[in-house]
Amino acid sequence: MKKRIAFLSLSLMLIAALKLNAQQAPTTSAEYLYGSVGYKLQLNNKLPMKEGYTLRDFSPVVEDTRQVEFKGLYRNGEKSPCAVIMIYTRLRMAPQYYCIPSADADAELWKKFNASLLDDSENQQPQLQFFAYCIAHLSAQLAMNNGK
Numbered sequence: 014m015k016k017r018i019a020f021l022s023l024s025l026m027l028i029a030a031l032k033l034n035a036q037q038a039p040t041t042s043a044e045y046l047y048g049s050v051g052y053k054l055q056l057n058n059k060l061p062m063k064e065g066y067t068l069r070d071f072s073p074v075v076e077d078t079r080q081v082e083f084k085g086l087y088r089n090g091e092k093s094p095c096a097v098i099m100i101y102t103r104l105r106m107a108p109q110y111y112c113i114p115s116a117d118a119d120a121e122l123w124k125k126f127n128a129s130l131l132d133d134s135e136n137q138q139p140q141l142q143f144f145a146y147c148i149a150h151l152s153a154q155l156a157m158n159n160g161k
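Under the numbering used here, the first residue of the sequence shown is numbered 14, with each subsequent residue one higher.
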């Protein structure tokens, strides 16, 4: 339970960083779907980038057996991401894709993001703790980019 609270606290830090980088409109359902499912399909099928958007890489967090990459999804002409794609990869496992909506996105998108973090594994505590660390790392990057 403590780990879950720590993860939620760090998620709030990310929300604050995204709020500092406020964009013109919150994450839409279509953008959330692209970040959680569509981006993977795009990569697997070698499709072009979604029209009207660009991706920007943030620094990944890499450990011996796992890593998390972050990609900011930007609407053309906007300086802040409308969503962040989080890609979690473990050694010898297929990547898992998550979409972190903007701070002002509909509550339903945040519920979907929260639900997507949970799987059927018995003990997710180490994975959620790693996610919390990675999201704190992303939050710091977003806050630093706000000053530029």
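No residue lacks a Cβ here, since even glycine has one placed at the ideal position from N, Cα and C. Keep in mind it's a predicted model, so treat the numbers as computed, not measured.
Under the three-state DSSP convention, the category residue 114 falls into: Against the sequence shown, residue 114 aligns to sequence position 101. Here residue 114 sits in strand by DSSP.
Alpha helix (DSSP H) runs contained entirely in the stretch 65-144, provided each spans 4 or more residues: 120-129
Rounded to the nearest angstrom, what separates residue 99 and residue 90 at their Cα positions? Residue numbering aside, residue 99 sits at position 86 when the sequence shown is read from its first letter. Residue numbering aside, residue 90 sits at position 77 when the sequence shown is read from its first letter. The straight-line gap from Cα to Cα measures roughly 22 Å.
In terms of residues, what are the limits of the alpha helix (DSSP H) holding residue 45? Along the sequence shown, read from residue 1 onward, the residue named residue 45 stands at position 32. Run containing residue 45: 42-46, per the alpha helix (DSSP H) assignment.
With burial defined as no fewer than 16 other Cβ atoms inside 10 Å of the residue's Cβ, what is the status of residue 65: buried or exposed? As a first step, residue 65 is located in the sequence shown; it is residue number 52 there, counting from the start. Exposed, by the Cβ-count rule.
Let me see if you follow: with CB-CB separation under 8 Å, is residue 48 close to chain E or not? The structure shown contains no chain E, having only a single protein chain.
Drop a sphere of 10 angstroms on the beta-carbon of residue 96, count the other beta-carbons inside from all chains shown, and report buried for 16 or more, exposed for fewer. Reading the sequence shown from its first residue, position 83 is the one you call residue 96. With 16 or more Cβ atoms within 10 Å of its Cβ, residue 96 is classed as buried.
Under 8 Å by Cβ, that's how I've got residue 154 and residue 71 pegged, so tell me the actual separation to the nearest angstrom. As a working mapping, residue 154 is identified with position 141 in the sequence shown. As a working mapping, residue 71 is identified with position 58 in the sequence shown. With a Cβ gap of about 5 Å, residue 154 and residue 71 count as contacting.
For the alpha helix (DSSP H) holding residue 56, just list the boundary residues, first then last. Residue numbering aside, residue 56 sits at position 43 when the sequence shown is read from its first letter. Counting along the chain, the alpha helix (DSSP H) containing residue 56 begins and ends at 52-57.
Compute the Euclidean distance between the alpha carbons of residue 137 and residue 143, then round it to the nearest angstrom. Locating residue 137 in the sequence shown gives position 124, where the first residue counts as 1. Locating residue 143 in the sequence shown gives position 130, where the first residue counts as 1. Those two C-alpha atoms are separated by around 10 Å.
Counted within 10 angstroms of its Cβ, other Cβ atoms place residue 42 as buried (16 or more) or exposed: For this step, residue 42 is matched to residue 29 along the sequence shown. So residue 42 counts as exposed.
Alpha-carbon to alpha-carbon, residue 58 and residue 152: Within the sequence shown, residue 152 is the residue found at index 139, counting from 1. Within the sequence shown, residue 58 is the residue found at index 45, counting from 1. Answer to the nearest angstrom: the Cα atoms are 31 Å apart.
Just mark residue 118 as buried or exposed, buried being the case when its beta carbon has 16 or more other beta carbons within 10 Å. Taking the first residue of the sequence shown as 1, we reach residue 118 at position 105. Buried, since its Cβ has 16 or more Cβ neighbours within 10 Å.
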